[in-house]
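Here's the structure we're looking at; comments come further down.
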Ligand code: NAI
């Protein structure tokens, strides 16, 4: 069976990290039928649309997308392709696992934390206006529907993946109505999952607690703004944004992407590190039910990270993007050879 996936390589380093990731995915033997499209400026020059309708139609039919970073022009042009895709396909859950890789310098080894961010509302509603000159009002939207939906997503994930604890992150001491509603919804959902410990922490305290001791948390669920900030803070536990995958999940579609940008300063030079997109692709493989292939790549990636010379320059190695991909593919092949050579147990 072949998985149909909409592939958006993006621009800048996007095509390089996407090519490396696709090669590694295909080396597992899993079959993909890629539907590849440009978005952003490149698409606009060809079709007059930043997100051509073929891309929308493709995601509607494949229901799975793998996306590289796209440059957002400054001072004009389009706003964010990511925000537009999240809204279009109601990708309401942003899911970011935070886990260390060997050899990446960090203050905290063995972090295993999951951040679930509501992706569609809060202060990112985009509803802003000038009340009178010099006074801007920006609306924070919190709904019972979206808050319950994101809490349920987090608790369902916890139940299916044997996670033990969920904290809802809020500022309901000040925003009593909006964050109060978010908390009420989280509490109501928590009652249906008695095996999972439920806690609530105020967002500013959470930042301090995380930096003091990230191990006290297991899963965090929060609104869009807090999620945006805290997920970047947590990326620092594992070496920065270059190592963190993300999935944008809805009830009908899912788009997997790295959280870093298009890195125009190193684009086209075979310098980019494809790890974040590759780890996002691992989330995609699990979403597609290809758990064996996901584990195979994860193990190979961790093996490559044990050899500094095989790493890309951003983390002190010497390899280019394509050599890094070669090393992961070789590590997978070696693991398969060892498996085949190991005496089978009767
Ligand atoms: P950036 O993440 O592209 O780059 C920041 C720094 O990190 C640069 O020095 C870059 O060389 C380095 N870097 C980033 N990814 C790397 C990788 N995989 N390997 C090695 N080094 C890497 O952030 P910046 O410069 O703020 O944004 C550039 C463009 O990307 C902007 O137009 C921005 O709007 C867009 N962007 C797109 C995103 C997306 O499509 N998901 C997310 C974030 C930014």
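In our numbering, the protein residues as written are 166 to 511. Ideal Cβ positions, reconstructed from N, Cα and C, are used throughout, including at glycine. Note that this is a predicted model, so its numbers are computed, not measured.
Item                                                                                                 : Value
Segment limits, beta strand (DSSP E) that includes residue 363                                       : 362-367
Heavy atom of ligand 1 within 7 angstroms of residue 441 beta-carbon                                 : yes
Residue 333 and residue 386 closer than 8 angstroms at C-beta                                        : yes
Residue 190 versus 502, 346, 497, 507, residue with shortest Cα-Cα distance                          : 497
Cβ pair count under 8 angstroms reaching 3, the segment 261-270 against the segment 307-322          : no
Strand pairing of residue 259, partner residues [DSSP]                                               : 282, 413
Closer than 8 angstroms to chain B by CB, residue 315                                                : Here there is only one protein chain, and chain B is not present.
Buried or exposed by the 16-neighbour rule on C-beta atoms within 10 Å, applied to residue 274       : exposed
Residue span of the beta strand (DSSP E) that contains residue 171, given as start and end           : 167-173
Local Cβ density within 10 Å of residue 380, reported as buried at 16 or more and exposed below that : exposed
Residue 466 versus residue 301: straight-line alpha-carbon distance, rounded                         : 48 angstroms
Within the segment 443-497, ranges of the beta strand (DSSP E) (whole runs, at least 3 residues)     : none
Buried/exposed call for residue 425, threshold 16 Cβ in 10 Å                                         : buried
Contact test: residue 396 Cβ vs ligand 1 heavy atom, cutoff 7 angstroms                              : no
Burial state of residue 179 (16 or more Cβ within 10 Å)                                              : buried
With 16 other Cβ atoms within 10 Å as the buried cut-off, status of residue 511                      : With a pLDDT of only 45 at residue 511, under the threshold of 50, the placement of this residue in the model should not be trusted; the figure read from the coordinates follows. The residue in question, residue 511, is exposed, as its Cβ has fewer than 16 Cβ neighbours within 10 Å.
Best match in 419, 418, 423, 206 for proximity to residue 397 [C-alpha to C-alpha]                   : 423
Heavy atom of ligand 2 within 7 angstroms of residue 300 beta-carbon                                 : This structure simply doesn't include ligand 2; it includes ligand 1 instead.
Unbroken alpha helix (DSSP H) run spanning residue 318, endpoints                                    : 309-325
Helix, strand or coil at residue 511 according to DSSP, with G and I counted as helix                : Model confidence at residue 511 stands at a pLDDT of 45, short of 50, so the residue's coordinates are unreliable and nothing is read from them.
Beta-carbon spacing of residue 471, residue 268 below 8 angstroms                                    : yes
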